[in-house]
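Q: Pasting a structure below so you can have a look.
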Amino acid sequence: MLRICYLLLSLGCLLLGAAPTPRVTERNLQQHFDQYGVRGSFLLYETATGRFTAYQEKRCRQGFLPASTFKIPNTLIGLQTGALPDTATICRWDGVQRYFPQWNQDMPYARALRVSCVPCYQQLARKVGVPAYQQWLRKLRYPGIVVTPGTLDTFWLDGNSRISQFEQVDFLRRLQAETLPLAVRHQRAVKQLLILQKTPAYTLYGKTGWRFHSATNPDNGWFVGWVERADGRTAIFALNVEPQRGPKADERFLAGRRALTEAILREMQWL
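For the sequence shown, the residue numbers in mature numbering (1 follows the signal peptide of the UniProt record, and there is no 0) are -18 to -1, 1 to 253.
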């Protein structure tokens, strides 16, 4: 009898001590998506209150290929493992002409992140290697990424890797706070590269991603990051979108990832 009472008491203590379920408020942001001819979802997390605001919460929990948003953890892992000595390290162009002219040149990795140079990060991936990715993705709690020898330089662009907006926000929240299990200097170096706009009122950090259209998948786009306000408030966000009509992207889709997010952030009085 005493044993049963003890077990019940222990269970009660565990329940009382359990972390509360995060509060999620749904908000209708459809007009912004319609403006850019896309469908998708948006998630915002306020660090001071722990509250989430979501448009299409169910979709925010759905996994998508991370595409070039993976350049954030990829750079961190490269720096931590020594595969990337620093962000000034030059990536040498292999001489192959590619669709995006800004990729067809030598460049430091600081620029490679900003212009989303896939070939540069494929070079880096081959230096990092499968075991290091598997080890550090687990340590970073960056879930859903499948790395194999056969997909070493494509796993974030194609295949079975998936990450949700909630998972993106959780990872970025810890990067913004510099609490990832990495050298703080590496976290600060990457954060510096993510600055997109700095004003007296706020600083906007972010990274786009684009999973290109294929025979089996539509275009899929990301914009993830955070806003640090001068008054000390911070919000982490993640947008994921697809073309509203047809599987292929147009100029509105490409420009819309950031523009749409900024319109939402202005409506929510973060910008």
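We put the beta carbon where it would ideally sit given N, CA and C, even for glycine. Given the structure is predicted, the values throughout are model-derived calculations rather than measurements.
Which class does residue 274 belong to by DSSP, given the choice of helix, strand or coil?
A: Any question about residue 274 goes unanswered here, given that the chain covers just -18 to 253.
Q: Does the distance from the C-beta atom of residue 204 to that of residue 49 stay below 9 Å?
A: Closer than 9 Å, so yes.
Q: For residue 23 versus residue 154, is the C-beta spacing smaller than 9 Å?
A: In this structure, residue 154 does not lie closer than 9 Å to residue 23 by Cβ.
Q: Can you tell me whether residue 73 is helix, strand or coil according to DSSP?
A: Of the three classes helix, strand and coil, the one that applies to residue 73 here is strand, per DSSP.
Q: Three or more C-beta pairs closer than 8 Å, one from the region 5 to 23 and one from the region 92 to 106: is that the case here?
A: As far as the Cβ criterion goes, the region 5 to 23 does not touch the region 92 to 106, which means the pair count is below three.
Q: Please report the residue range of the alpha helix (DSSP H) in which residue 246 lies.
A: Unbroken alpha helix (DSSP H) run through residue 246: 233 to 249.
Q: If you measure between the beta carbons of residue 8 and residue 216, is that distance less than 9 Å?
A: No.
Q: How many angstroms separate the CA atom of residue 253 from the CA atom of residue 92?
A: Approximately 26 Å, taken between the alpha carbons.
Q: Is the CB-CB distance between residue 202 and residue 223 below 9 Å?
A: Result yes, Cβ atoms of residue 202 and residue 223 sit closer than 9 Å.
Q: Assess contact between the region 145 to 154 and the region 44 to 58, defined as three or more Cβ pairs (one per stretch) separated by less than 8 Å. Is contact present?
A: Yes: at least three Cβ pairs fall under 8 Å.
Q: State the Cα-Cα distance for the pair residue 183 and residue 132, rounded to the nearest angstrom.
A: For residue 183 and residue 132, the distance between alpha carbons rounds to 47 Å.
Q: State the CB to CB distance for the pair residue 168 and residue 87, rounded to an integer number of angstroms; the pair is presumed to be in contact (CB under 8 Å).
A: Rounded, the Cβ-Cβ distance is 26 Å, inconsistent with contact.
Q: For a test of the three-state rule: what should DSSP assign to residue 194, helix, strand or coil?
A: Residue 194: coil per DSSP, three-state reduction.
Q: Mind checking which residues open and close the beta strand (DSSP E) that includes residue 230?
A: Looking at the DSSP string, residue 230 is not in any beta strand (DSSP E), and its letter there is neither H nor E.
Q: Counting C-beta neighbours from all protein chains within 10 Å, is the total for residue 129 16 or more, i.e. buried, or is it exposed?
A: It counts as buried.
Q: Helix, strand or coil: which one does DSSP assign to residue 188?
A: Three-state result, residue 188: strand.
Q: Look up residue 34 in the DSSP assignment and give the residues it is bridged to.
A: DSSP, once it has assigned bridges, lists 6, 27 as partnering residue 34.
Q: Tell me the DSSP secondary structure of residue 111 in three-state form.
A: Here residue 111 sits in coil by DSSP.
Q: What separation, rounded to the nearest whole angstrom, lies between the Cα atoms of residue 210 and residue 186?
A: Their backbone Cα atoms lie some 7 Å apart in a straight line.
Q: Between the Cα of residue 119 and the Cα atoms of 40, 231, 53, which residue gives the shortest distance?
A: When only C-alpha atoms are compared, the closest one is 53.
Q: With DSSP as the reference, label residue 118 as helix, strand or coil.
A: If DSSP states are grouped into helix, strand and coil, residue 118 belongs with the helices.
Q: Could you give the first and the last residue of the continuous beta strand (DSSP E) run that contains residue 179?
A: Run containing residue 179: 177 to 180, per the beta strand (DSSP E) assignment.
Q: Would you mind reading off the limits of the beta strand (DSSP E) that contains residue 160?
A: Where residue 160 is concerned, there is no enclosing beta strand (DSSP E), given that its DSSP letter is neither H nor E.
Q: Suppose the cutoff is 7 Å on Cβ atoms and the five residues either side in sequence are ignored; what does the same chain contact list for residue 65 look like?
A: Correct list, in chain order: 106, 109, 110.
Q: When we look at the beta-carbon of residue 40 and count the other beta-carbons within 10 Å, is it buried (16 or more) or exposed?
A: Label assigned to residue 40: exposed.
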